[in-house]
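Q: FYI, UniProt numbering numbers position 15 of the sequence shown as 15, with every residue one higher than the one before it.
Can you read through this structure? Questions will come right after.
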Amino acid sequence: MLDRGDDSLVFVDLDTPEPGPGPKPDEGFEPVRVAADGYDDEDVADAVAALEPGYVLTGTLRWPDIAAGEDGDGDGDSPLARVESLTVERESRYRFIDDAEPMFEAARDAWRDASAAGDGMGSRVTRDTDGEPNGALYVFSEAGARDLLGEFRSGTTPLEPLVERVNDDLDDGAPREVFVLRPPDGAFVAVYIAFEKDGLLARTVRDTYL
């Protein structure tokens with residue numbers, strides 16, 4: 001699950017394109033809007049209510065039959081799917097933070113290095129005070145009129161491949177905490193994946209920006 005609104009959730013398929021934003025939003029990658037409430041089955045209602053952005057799940061969705069008179073709960077053009085069943089596989093968490101100030105030093109340094117090299121993106125592994133890897137950091141240019149943070153949040157540009165790259169490398173089955181941050185000047189967007197969801201790095205970033 002990518003995002004939660006008052007009335008709907010945004011689901012995305014894990015069969016996604018390659019990591020990182022292309023020159024334009026990824027064609028064919030369509031997030032699915034799912035009803036957030038109104039479930040008669042209490043188990044399904046409780047499971048849906050407990051979902052947080054970043055959770056990885058398997059489930060079955062059903063779209064309303066508008067022709068048969070079923071209420072789609074959407075905006076008329078985009079009826080909401082409804083959850084028939086779901087199982088949470090990994091309780092990762094996504095945080096989207098605009099106007100992040102002050103932007104942390106590792107992100108500023110990564111963006112400075114990428115800019116100096118003429119690259120639109122940069123990446124690095126961050127380490128704790130003992131020198132142990134604790135996070136994967138990506139920075140992307142906010143070029144032109146694109147709203148890259150908004151694209152990550154809506155699923156127009158997929159975020160999950162970056163997380164899956166970390167999951168594949170660590171191969172530990174643990175949940176992650178993922179922070180998508182944009183500084184006030186809007187020059188770039190940072191995607192910071194804390195390897196431990198409730199570890200010191202994740203707590204520090206939460207305490208700084210949330």
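Glycine included, C-beta positions come from ideal geometry on N, C-alpha and C.
(1) Between the C-alpha atoms of residue 184 and residue 143, what's the straight-line distance to the nearest angstrom?
(2) In whole angstroms, what separates the C-alpha of residue 30 from that of residue 63?
(3) Where in the segment 91–149 do unbroken runs of the beta strand (DSSP E), each at least 3 residues long, occur, reported from the N-terminal end onward?
(4) Can you check DSSP and say which residues form a bridge with residue 206?
(5) Going by DSSP, what residue range makes up the alpha helix (DSSP H) through residue 45?
(6) By DSSP, does residue 12 sit in helix, in strand, or in coil?
(7) Considering Cα atoms alone, identify which of 186, 158, 202 is closest to residue 146.
(8) Do the segment 46–63 and the segment 86–105 meet, that is, are 3 or more Cβ pairs less than 8 angstroms apart?
(9) Could you check the C-alpha separation between residue 205 and residue 33 for me, to the nearest Å?
(10) For residue 156, count neighbouring C-beta atoms within 10 Å of its own C-beta (all shown protein chains included) and say buried if the count is 16 or more, exposed if not.
(11) Who are the Cβ neighbours of residue 148 in its own chain at under 7 angstroms, not counting the five residues just before and after it?
(12) Since residue 61 sits in a beta bridge, which residues does DSSP pair it with?
A: Looking at the atomic coordinates:
(1) One-based indexing of the sequence shown puts residue 184 at position 184. One-based indexing of the sequence shown puts residue 143 at position 143. Going by the C-alpha atoms only, they are around 15 angstroms apart.
(2) To locate residue 30, count along the sequence shown from 1; it is residue 30. To locate residue 63, count along the sequence shown from 1; it is residue 63. Taking the straight line from one Cα to the other gives about 15 angstroms.
(3) The DSSP assignment places complete beta strand (DSSP E) segments of no fewer than 3 residues inside the segment 91–149 at 93–97, 121–127, 133–141, in order along the chain.
(4) Along the sequence shown, one-based indexing puts residue 206 at 206. According to DSSP, which records beta bridges pairwise, residue 206 is partnered with nothing at all.
(5) As a position in the sequence shown, residue 45 is number 45, starting the count at 1. Annotation for residue 45: the continuous alpha helix (DSSP H) segment containing it runs 42–49.
(6) The residue you call residue 12 lines up with position 12 of the sequence shown. Look at residue 12 here: in three-state DSSP terms it is coil, with no helix or strand label.
(7) Start at 1 with the first residue of the sequence shown, and residue 146 comes out as number 146. Of the candidates 186, 158, 202, the residue whose Cα lies closest to the Cα of residue 146 is 186.
(8) Yes: the two stretches touch, three or more of their Cβ pairs being nearer than 8 angstroms.
(9) What you label residue 205 is simply residue 205 of the sequence shown in a count that begins at 1. What you label residue 33 is simply residue 33 of the sequence shown in a count that begins at 1. Residue 205 and residue 33 have their C-alpha atoms roughly 29 angstroms apart.
(10) Indexing the sequence shown from 1 puts residue 156 at position 156. Buried is the call here.
(11) Stepping through the sequence shown from its first residue, residue 148 is reached at position 148. Here the set comprises 21, 140, 142, 157, 189.
(12) One-based indexing of the sequence shown puts residue 61 at position 61. Answer by DSSP bridge pairing, in chain order: 83.
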